[in-house]
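A.B. asks: Can you keep this structure in mind? I'll have questions shortly.
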Amino acid sequence: MQNQPTLPSLPLDEWEQSKITLNYFLQIAGKIRLGLMPRKNHWWYLTLYVSPRGLTTHAIPLDDGFNTFELTFNFISHQVELHTSRGEAYSFPLEDGLSVAAFYQQMFDLLKKIGVELEIIDRPIDMPLDAPFSEIETYNTYQPAYVAQFWRALTWVDHVFKEFGGRFYGKTCPVHLYWHHMDLAVTRFSGKRGPVMEPQTRLIEKDAYSHEVISFGFWAGDDNVRGAAFYCYTFPSPEGLDTEPLQPQAASWVDSNGSPMALLMYDDLRREADPKAALLDFLESAYQAGAKRAEWDVPGFTVPSLRDL
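Numbering (my numbering) for the sequence shown: 7 to 315.
Encoded structure:
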């Protein structure tokens, strides 16, 4: 009998420069998808998806929709791949020393080969260096082993999130990766409109939070959270949310821009005897906390057994 695979280590201090460089790469690919896909609610048309080889855009319209193309970050062979339904296939390597500027140029060179002329807003969103992608040379680190470990973690989390997402009978987004902060997320909606936002609120927030949500995610860590972690927040945040219990014991409520957010560190989850059960417990307890305090219809949103339909 084979040993059960273990969750890979993701020590942020050791691969942070690669993580940031990859985040820039994903923003460029995401903006390409944003520029060519039909609009869908809550920005669901710009996200990326976990695939058996890495991350993918899925099919993007080409030739006015008569054909399609797909961009894939292949984290097994470490290359960017472009395939079309016309049979074309192009690629370039992901390797240490590849700068954001060089990636940007090579990506748009691939698009030209298939006849796609596209302009995107040539600037990142909320990244350490706010400069045109085409000018960023300082971020050029790519550590294949750590990138592959991050993808392996995403693959497992994607599976657990999909199982958890299937327990909810209301509107639920696909499990997808938002390239903005490079977090894999799944979100549940109550169906009620969210609060009216101030006119100066960014368009990103206005469309993302047009309705009440409880959102769950996983990301590799940042300046404030120094390690990979799982999170859950309720919007709008109800009173008393952070008094509700969370599971497993390592989970806790933290402040996130003035509102409570449930947090479970990835390394704490790796130490659990049954990581999948522990993660499902975290997601369910955080959902129950938000749904209870926000007065969602928990019984009505619970997926019934097929025998009970």
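Where a beta carbon is used, it is the ideal one built from N, C-alpha and C, also for glycine. The structure presented is a predicted model; accordingly, all values stated were derived computationally and were not measured.
1. So, using beta-carbon positions, are Leu183 and Thr53 closer together than 8 Å?
2. Rank Arg173, His165, Ile26 and Leu247 by C-alpha distance to the C-alpha of Pro281 and give the top, closest one.
3. Cβ of Trp157 within 8 Å of Cβ of Phe98?
4. What number of angstroms, rounded off, separates the C-alpha of Val106 from the C-alpha of Pro305?
5. To the nearest angstrom, report how far apart Arg39 and Glu125 are at their CA atoms.
6. Return yes when the Cβ of Ala214 is within less than 8 Å of the Cβ of Leu13, no when it is not.
7. If you follow the alpha helix (DSSP H) that His165 is part of, which residue opens it and which one closes it?
8. Cβ of Gly227 within 8 Å of Cβ of Leu18?
9. In whole angstroms, what is the alpha-carbon distance linking Glu301 and Asp132?
10. Report the residue from Asp303, Asn146 and Val192 whose alpha carbon sits nearest the alpha carbon of Ser24.
11. Can you give me the Cβ contacts of Tyr175 inside the same chain, cut-off strictly under 6 Å, excluding the 5 residues immediately before and after it?
12. What residues in its chain sit with their C-beta under 8 Å from that of Met7, if we drop five residues either side in the sequence?
13. Go to Tyr272, then tell me how far its alpha helix (DSSP H) extends in each direction, as first and last residue.
14. Skipping 5 residues on each side, what residues in its chain have a beta carbon closer than 6 Å to that of Ser262?
15. Can you tell me which of Cys179, Val163 and Leu104 puts its alpha carbon nearest to the alpha carbon of Thr288?
16. I'd like the list of long-range same chain contacts for Thr144, defined as Cβ closer than 8 Å, with 5 residues on each side in sequence excluded.
17. Nearest to Ala151 by alpha carbon, out of Asp102, Ser216, Ala284 and Ser311?
18. Which class does Phe195 belong to by DSSP, given the choice of helix, strand or coil?
19. Give me the Cα-Cα distance between Glu245 and Arg208, rounded to the nearest whole angstrom.
20. Taking the C-alpha atoms as reference points, what is the distance between Arg232 and Leu269?
21. Check Ser105 in the structure and name its three-state DSSP category.
C.D. replies: For this structure:
1. Here residue 183 refers to the residue found at position 177 when the sequence shown is read from its first residue. Here residue 53 refers to the residue found at position 47 when the sequence shown is read from its first residue. Result yes, Cβ atoms of Leu183 and Thr53 sit closer than 8 Å.
2. Along the sequence shown, one-based indexing puts residue 281 at 275. Checking every option, the nearest Cα to that of Pro281 belongs to His165.
3. The residue labelled residue 157 in the question sits at position 151 within the sequence shown. The residue labelled residue 98 in the question sits at position 92 within the sequence shown. In this structure, Phe98 does not lie closer than 8 Å to Trp157 by Cβ.
4. Numbered from 1 along the sequence shown, position 100 holds the residue referred to as residue 106. Numbered from 1 along the sequence shown, position 299 holds the residue referred to as residue 305. Rounded to whole angstroms, Val106 to Pro305 spans 48 Å at the Cα level.
5. In the sequence shown, counting from the first residue as 1, residue 39 sits at position 33. In the sequence shown, counting from the first residue as 1, residue 125 sits at position 119. If you take the alpha carbons of Arg39 and Glu125, they lie about 11 Å apart.
6. In the sequence shown, residue 13 corresponds to position 7, counting from 1. In the sequence shown, residue 214 corresponds to position 208, counting from 1. Pairing Leu13 with Ala214 gives a Cβ-Cβ distance that is not under 8 Å.
7. Here residue 165 corresponds to residue number 159 of the sequence shown, with the count starting at 1. His165 -> alpha helix (DSSP H) spans Pro150 to Gly171.
8. Against the sequence shown, residue 227 aligns to sequence position 221. Against the sequence shown, residue 18 aligns to sequence position 12. In this structure, Leu18 lies closer than 8 Å to Gly227 by Cβ.
9. Counted from its first residue, the sequence shown places residue 301 at position 295. Counted from its first residue, the sequence shown places residue 132 at position 126. Rounded to the nearest angstrom, the two C-alpha atoms are 33 Å apart.
10. One-based indexing of the sequence shown puts residue 24 at position 18. Nearest in C-alpha terms to Ser24, of all of Asp303, Asn146 and Val192, is Asn146.
11. Position 169 of the sequence shown, counting from 1, holds the residue named residue 175. Phe307 and Val309.
12. Taking the first residue of the sequence shown as 1, we reach residue 7 at position 1. The pLDDT assigned to Met7 is 40, lower than 50, so where the model puts this residue is not dependable; a value taken from the coordinates is nonetheless given after this. Closer than 8 Å at Cβ, skipping near neighbours: no residue.
13. Start at 1 with the first residue of the sequence shown, and residue 272 comes out as number 266. Looking at the DSSP string, the run of the alpha helix (DSSP H) that includes Tyr272 is Tyr272 to Arg276.
14. As a position in the sequence shown, residue 262 is number 256, starting the count at 1. Once the five neighbours on either side are set aside, Ser262 has no close Cβ partner at all.
15. Reading the sequence shown from its first residue, position 282 is the one you call residue 288. As written in the sequence, residue 288 is Phe, which differs from the Thr given in the question. Phe288 has its Cα closest to that of Val163, out of Cys179, Val163 and Leu104.
16. Position 138 of the sequence shown, counting from 1, holds the residue named residue 144. If we look at Thr144 and ignore the five residues flanking it on each side, its Cβ neighbours are Ser105 and Leu135.
17. Here residue 151 corresponds to residue number 145 of the sequence shown, with the count starting at 1. Nearest of Asp102, Ser216, Ala284 and Ser311 to Ala151, Cα basis: Asp102.
18. Your numbering for residue 195 matches position 189 in the sequence shown. Here Phe195 sits in strand by DSSP.
19. Taking the first residue of the sequence shown as position 1, residue 245 is located at position 239. Taking the first residue of the sequence shown as position 1, residue 208 is located at position 202. In a straight line, the C-alpha of Glu245 is about 25 Å away from that of Arg208.
20. The residue given as residue 232 occupies position 226 in the sequence shown. The residue given as residue 269 occupies position 263 in the sequence shown. Arg232 and Leu269 have their alpha carbons spaced roughly 12 Å apart.
21. Locating residue 105 in the sequence shown gives position 99, counting from the first residue. Here Ser105 sits in coil by DSSP.
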